[in-house]
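Just so you know, the protein sequences line up as chains A and B, in that order.
Sequential numbering from 10 applies to the first sequence in my numbering.
Sequential numbering from 10 applies to the second sequence in my numbering.
Below is one structure, written out as structure tokens; comments come after it.
There are 2 protein chains.
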Amino acid sequence: MTSSVDQKTRRIRTPRANASSDEAGLLTKPSDVSPETEEMKQFLDSLKYDSNGLVTAIAQDVDTGAILMQGFASRLAIAYTLQHKKACFFSRSRQQLWCKGESSSNFINVDSVHVDCDKDSLIYLGVPTGPTCHTGAHTCYYKRVDGADGLILGAAKDGRHKAEEALTTLYELEATIAERKREVIKEGAKPSWTRRLLEDPEFLCSKIREEAGELCETYEKDEGKKRAASECADVLYHAMVLLNVQGVEIADVMEVLRNRFGVSGVEEKAKRTPKSKLIDPSKE
Amino acid sequence: MTSSVDQKTRRIRTPRANASSDEAGLLTKPSDVSPETEEMKQFLDSLKYDSNGLVTAIAQDVDTGAILMQGFASRLAIAYTLQHKKACFFSRSRQQLWCKGESSSNFINVDSVHVDCDKDSLIYLGVPTGPTCHTGAHTCYYKRVDGADGLILGAAKDGRHKAEEALTTLYELEATIAERKREVIKEGAKPSWTRRLLEDPEFLCSKIREEAGELCETYEKDEGKKRAASECADVLYHAMVLLNVQGVEIADVMEVLRNRFGVSGVEEKAKRTPKSKLIDPSKE
């Protein structure tokens with residue numbers, strides 16, 4: 010019940026059924042791309058390729074928002090991605106099509122593709138089936154350069170940010186909670202509030218119930234938006250401390266929500282457990 | 010108390026004090042960049058610039074995880090960003106330094122910069138002070154190309170995804186809740202669960218208290234990780250419905266958490282309201 014989130018080796022997903030071992034080790038070939046439909050042709054024609062016939066392609070984790078990697082995509086690579094729902098790029102060093110995971114089996118299953126206003130940059134939004142970076146890191150952006158606190162370059166190494174991933178707020182909070190668990194409390198020193206909660210889960214549970222009540226009161230007593238945001242933050246923070254106690258990651262929670270509501274727009278009712286019927290049971 | 014989240018014009022932040030009107034309308038010049046420190050020189054030397062002397066630079070919203078825009082950065086643009094903490098790029102069309110916001114005042118205040126394993130791609134992680142896209146959209150990636158549900162290109166327009174931003178799970182859920190509020194219920198038709206909650210906030214509050222209790226019970230009754238993730242998802246979902254009722258965005262909650270814990274690694278105790286002292290009050 011006490012495993013914490015390791016910042017260095019963040020969330021690695023269980024490979025999906027369609028990321029079979031058959032698919033690994035086979036280099037992606039232009040012949041893997043089916044002929045373009047008229048609709049796809051129109052879209053691919055509309056993009057603004059650079060002088061090498063490429064646009065930028067950014068792979069992003071749909072649950073955590075983490076930018077996993079950035080590469081470039083040729084027309085064929087984009088068509089492959091749209092057809093196979095796996096992030097595919099054009100390797101500039103090897104001058105060939107490259108489906109991420111073709112040799113490592115660490116695919117990025119693509120839920121949706123988005124194009125920018127200039128039509129020269131794409132987001133592949135999806136779920137990685139393993140570490141994205143060849144170093145084994147969850148994302149290729151694991152090195153922090155500079156921060157608002159004035160730390161320059163490597164200086165952050167000895168600070169709180171042992172991991173230097175580009176964590177968004179929710180995941181930064183999760184990492185902070187994990188660090189509170191790890192830190193050594195000197196004798197006589199007062200532990201942090203988070204540490205106290207971690208060490209007394211019964212008390213933590215009483216706080217969660219209390220904070221949920223206070224969130225409700227912001228509505229019931231009409232306490233205003235600011236207070237509502239603040240109380241919701243309290244609920245979320247305390248719930249996340251309990252997740253840490255139980256060895257659960259917030260990305261697991263996102264996965265539950267995604268499977269219920271679906272980023273694809275399909276509410277996957279079939280997958281719901283009895284308890285989760287509470288969410289939109291009457292909705293098609 | 011009933012304003013909902015508009016998907017098309019997502020979160021626009023109040024400009025920070027340092028995004029003053031004095032700074033707008035002035036084109037960024039190489040002379041705005043101070044001489045490189047030795048540490049910065051080492052870092053800038055280590056990057057792998059392309060034949061045009063550029064690396065990719067991706068601006069990401071630290072609270073929502075939204076990829077705001079992608080451009081290219083020259084050595085000077087990176088130095089400017091590190092020194093001024095505002096996202097700066099090299100405009101390939103105008104062949105000059107371009108600090109995002111220099112003419113529109115819609116800056117991206119940079120909290121931290123991260124570099125990828127190949128040293129040819131950067132993330133500028135920060136807070137936008139206004140819409141990033143010249144179209145007025147929150148992000149430049151407002152157009153969805155394709156989805157897991159088989160919709161191709163423009164076909165999603167009439168579906169659930171009126172907005173086609175690359176929303177990560179939490180923000181997709183928020184958009185779904187907002188849509189449930191807007192949708193017209195035909196006479197005799199059964200409203201969705203979300204709609205029922207939206208229309209009966211007292212009942213919603215009773216659900217929030219109940220779900221918080223059930224989350225606690227996953228620990229108290231040792232129900233396992235899966236159940237903990239599921240119950241936490243229930244708490245989060247119901248809390249977000251109440252946020253919608255109160256016209257509060259989940260990004261507001263993230264902002265509260267960021268200001269408490271700070272992505273910069275500094276816990277900004279000074280800014281805490283009395284209530285929020287519950288978070289880490291004893292921690293330096």
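Glycine is no exception: its CB is placed at the ideal position from the N, C-alpha and C atoms.
Neighbouring residues, chain A, relative to residue i (Cβ below 9 Å)
i: residue 270 of chain B; result: 178, 181, 182, 185 and 246
Under 8 Å from the C-beta of residue i: neighbouring residues of chain A
i: residue 123 of chain B; result: 150, 151, 152, 153, 154, 173, 174 and 175
Contact under 8 Å by Cβ, residue i with residue j
i: residue 131 of chain B; j: residue 187 of chain B; result: no
i: residue 118 of chain A; j: residue 190 of chain A; result: no
i: residue 224 of chain A; j: residue 260 of chain B; result: no
i: residue 57 of chain A; j: residue 128 of chain A; result: yes
i: residue 46 of chain A; j: residue 89 of chain A; result: no
i: residue 134 of chain A; j: residue 125 of chain A; result: no
i: residue 255 of chain A; j: residue 151 of chain B; result: no
i: residue 65 of chain B; j: residue 177 of chain A; result: no
i: residue 173 of chain B; j: residue 93 of chain A; result: no
i: residue 257 of chain B; j: residue 242 of chain A; result: no
i: residue 179 of chain A; j: residue 246 of chain B; result: no
i: residue 87 of chain A; j: residue 35 of chain A; result: no
Beta-carbon neighbours of residue i, restricted to chain B and to distances below 8 Å
i: residue 76 of chain A; result: 67, 69, 76 and 132
For residue j and residue i, believed in contact at Cβ under 8 Å, the rounded distance
i: residue 68 of chain A; j: residue 96 of chain A; result: 5 Å
i: residue 99 of chain A; j: residue 107 of chain A; result: 7 Å
i: residue 221 of chain B; j: residue 218 of chain A; result: 5 Å
i: residue 244 of chain B; j: residue 244 of chain A; result: 7 Å
Within chain B, partners of residue i - CB distance below 7 Å
i: residue 265 of chain A; result: 238, 239 and 242
i: residue 262 of chain A; result: 238, 241, 242 and 245
i: residue 234 of chain A; result: 255, 256 and 257
Residue from the options whose Cα sits closest to the Cα of residue i
i: residue 137 of chain A; options: A:77, A:214 and A:250; result: A:77
i: residue 102 of chain A; options: A:61, A:180 and A:184; result: A:61
i: residue 143 of chain B; options: B:48, B:123 and B:111; result: B:111
i: residue 270 of chain A; options: A:208, A:72, A:193 and A:64; result: A:72
i: residue 264 of chain B; options: A:197, A:63 and A:181; result: A:181
i: residue 80 of chain B; options: B:213, B:48 and B:148; result: B:148
i: residue 6 of chain B; options: B:113, B:52, B:175 and B:234; result: Given a span of 10 to 293 for chain B in the structure shown, any question on residue 6 of chain B remains unanswerable.
i: residue 215 of chain A; options: A:40, A:200, A:251 and A:234; result: A:251
i: residue 41 of chain A; options: A:91, A:63, A:54 and A:52; result: A:91
i: residue 203 of chain B; options: B:185, B:231 and B:226; result: B:185
i: residue 105 of chain A; options: A:63, A:231 and A:146; result: A:63
i: residue 234 of chain B; options: A:240, A:262 and A:208; result: A:262
i: residue 55 of chain B; options: A:59, A:154 and A:55; result: A:154
i: residue 8 of chain B; options: A:210, A:230, A:145 and A:59; result: No statement about residue 8 of chain B is possible, as the shown extent of chain B runs from 10 to 293 and does not include it.
i: residue 70 of chain A; options: A:139, A:198, A:205 and A:240; result: A:139
i: residue 207 of chain A; options: A:109, A:195, A:226 and A:183; result: A:183
Closer than 7 Å at the beta carbon, the chain A residues around residue i
i: residue 144 of chain B; result: 126
Chain B contact residues for residue i, given Cβ-Cβ distances below 9 Å
i: residue 251 of chain A; result: 224, 225, 227, 228, 237 and 241
Inset, instruction - Closer than 9 Å, Cβ to Cβ, to anything on chain A: give me those residues from the stretch 188-203 of chain B, in chain order. - result: 189, 199, 200, 201, 202 and 203
Inset, instruction - Using a Cβ-Cβ cut-off of less than 8 Å, list which residues of the stretch 48-68 of chain B approach chain A; keep chain order. - result: 48, 49, 51, 52, 65 and 67
Inset, instruction - Taking a Cβ distance cut-off of 8 Å, strictly less, list which residues of the stretch 73-106 of chain A are near chain B, in chain order. - result: 73, 74, 75, 76, 78, 79, 91 and 94
Inset, instruction - With 7 Å as the C-beta to C-beta threshold (strictly closer), list the residues of the stretch 211-226 of chain A near chain B in chain order. - result: 214, 217, 218, 221, 222, 224 and 225
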